[in-house]
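What follows is a set of notes on a single structure, which appears directly below.
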Amino acid sequence: MRTPADSSIGGGTASTAAVARLRLAAQGLLSGSSAASGLAQPEEPAETVRRMTALQSQDLQSGLLAVGVRTRAAAASGVAAALASGAVVRTWTMRGTLFLVSAADARLFVGIAAERVMRSASARHRGLGIVEDDVAVVRKVVEDRLAGDVGMTRPELFEAFEAAGQPTAAQRGIHLLSILSHRMVLVQGPLRGRRQEFRLADEWLPRADGLTGDDAVEHLARRYLASHGPADERDFAWWLGQPLGAVRGPFRAAAADCVALDSGGRDLFCSPEVAALLDTRVGARTVVALPAFDELLLGYRERTVAVPEDYMQRVIPGTNGIFKATVALGGRAVGTWLKGGTPAAPRVVPELFE
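When you line the sequence shown up against my numbering, it's residues 7 to 360, in that order.
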């Protein structure tokens with residue numbers, strides 16, 4: 007049953023290929039040709055992260071590349087500078103997964119996600135023998151060791167936890183860090199080599215903006231539709247890691263300002279700027295090398311727009327949750343790729359499906 011937002015603007019019918027092209031535009035993966043429609047790539051990595059709302063980043067290097075490919079003339083040093091300045095942070099937000107987000111958004115995301123994520127992890131915590139007294143011990147460790155704008159890497163914190171009598175093996179340490187992050191004690195900031203430093207959230211993040219409940223969800227829904235549309239309420243609920251019933255009202259309020267496109271019987275919503283490209287060929291010939299775990303694939307519940315069903319196993323082999331880096335043409339995967347060359351002259355080594 008189709009359930010469009012009552013006051014959304016009807017924008018016509020969109021094929022799967024058209025939806026893929028439009029998502030390229032929304033996600034800032036077009037250059038030059040989209041500038042006139044207000045969809046040009048940002049100049050700075052921090053602007054890209056803010057524009058994208060959040061970028062999945064359980065693999066740090068892939069997350070950094072996801073920012074880079076969406077930023078005009080970005081270098082790795084620019085993304086690192088955004089983390090060093092505190093404008094961008096990395097933390098556990100939706101679905102218990104690490105994301106790159108604007109520092110100004112971190113409290114908002116964690117405030118929405120924490121209760122549900124921690125509840126789903128409670129059995130695992132019991133299995134690891136984690137109780138409140140243990141959390142209190144490691145919280146004191148990090149508050150004592152990180153006070154005064156000090157940063158420590160994961161191995162350094164694990165060493166400190168062990169010294170305080172808290173085992174970190176068998177993923178116990180990472181779960182302790184996750185608990186502290188979901189309680190807004192910790193956040194990940196500057197890079198030190200290929201690792202990130204943890205910082206105290208109250209020293210590193212701005213104060214909360216005051217949005218809570220449905221207002222917070224509607225705010226994120228508006229930004230999600232601008233950065234990920236065309237998409238529907240099921241895509242948004244999955245992305246945010248919340249039950250459909252909990253987001254439906256806020257999503258529909260946000261979608262009221264969008265254009266509704268019919269795609270195979272589904273109403274998908276996007277910004278007017280993105281919808282304006284529907285009857286053009288913009289993006290049809292765009293080729294982009296995307297990192298593993300990219301938002302173009304993982305930002306939606308329905309993934310066959312980004313990866314044709316026949317090739318899904320090539321991108322997501324087995325059931326181990328690994329998503330390969332892809333080569334996309336017109337927003338749809340046509341192959342995977344590996345990094346080749348040398349550190350001084352890296353290159354993309356594609357493996358095309360056909």
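Built from N, CA and C at the ideal position, the CB exists for glycine as well.
- Counted as a single uninterrupted DSSP element, the stretch harbouring Gly157 is not any alpha helix (DSSP H), since DSSP gives it neither H nor E.
- Here Val25 has Pro236, Ser269, Leu274, Val311 as same chain residues with Cβ atoms under 7 Å from its own Cβ, once five neighbours each way along the sequence are excluded.
- Beta-bridge partners assigned by DSSP to Pro356: Trp343.
- In this structure, DSSP gives Leu267 an extended state, which the three-state scheme calls strand.
- Excluding sequence positions up to five before and after Leu335, its CB lies within less than 6 Å of the CB of Val293, all in the same chain and listed in chain order.
- For Val85 and Arg56, the gap between their C-alpha atoms comes out near 13 Å.
- Only residues of its own chain outside the window of five on either side were considered, and among them Arg338, Ala339 have a CB closer than 8 Å to the CB of Pro314, listed in chain order.
- Residue environment: Ala222 is assigned as buried (16 or more neighbouring CB atoms within 10 Å of its CB, all protein chains considered).
- Per DSSP, Glu50 is not a residue of any beta strand (DSSP E), being assigned neither H nor E.
- Between the segment 60-74 and the segment 17-24, the count of Cβ pairs shorter than 8 Å is below three; the stretches do not touch.
- Judged by DSSP secondary structure, Thr332 falls within the beta strand (DSSP E) whose first and last residues are 332-335.
- Assignment of Asp220 by DSSP, reduced to helix, strand and coil, places it in the helix class.
- Going by C-alpha positions, Met58 is about 12 Å away from Ala227.
- Per DSSP, Glu315 is not a residue of any beta strand (DSSP E), being assigned neither H nor E.
- Closest in alpha carbon position to His131, among Val288, Leu186, Phe115, Arg307, is Leu186.
- For Arg189, the closest C-alpha among the options Ala112, Gln202, Glu224 is that of Ala112.
- Annotation for Pro196: the continuous beta strand (DSSP E) segment containing it runs 192-198.
- Here Asp273 is bridged, per DSSP, to Asp268.
- For Glu308, there is no enclosing alpha helix (DSSP H), as DSSP gives it neither H nor E.
- Membership of Leu104 in the beta strand (DSSP E) is indicated by the continuous run 104-108.
- For Phe242, there is no enclosing beta strand (DSSP E); the residue is found in the alpha helix (DSSP H) stretching over 239-246.
- Here the alpha carbons of Gly135 and Val265 stand approximately 50 Å from one another.
- Ala295 and Gly17 have their C-alpha atoms roughly 30 Å apart.
- In this model, Val144 and Ala170 are separated by some 8 Å (Cα to Cα).
- Under the three-pair Cβ rule at 8 Å, the segment 114-126 does not count as touching the segment 171-179.
- Annotation for Gln202: the continuous beta strand (DSSP E) segment containing it runs 201-206.
- Annotated three-state conformation of Gln62 is strand, per DSSP.
- Looking at Ser91, Ala127, Ala87, Arg78, the one whose alpha-carbon comes closest to that of Gly102 is Ala127.
- DSSP places Arg287 outside both helix and strand once states are collapsed to three, so it counts as coil.
- In this structure the segment 191-210 lies against the segment 80-97, because at least three pairs of beta carbons, one per stretch, are closer than 8 Å.
- At a Cβ-Cβ threshold of 8 Å, Arg205 and Gly157 count as neighbours.
- In the same chain as Gly347, and ignoring 5 residues on each side of it, the C-beta atoms closer than 7 Å to its own belong to Arg353, in chain order.
- In the three-state reduction of the DSSP assignment, Thr22 falls in the helix class.
- The C-beta of Thr286 has fewer than 16 other C-beta atoms within 10 Å across all chains shown, which makes the residue exposed.
- Within the segment 122-187, the runs of alpha helix (DSSP H) at least 4 residues long that lie entirely inside it are, in chain order, 138-152, 160-169.
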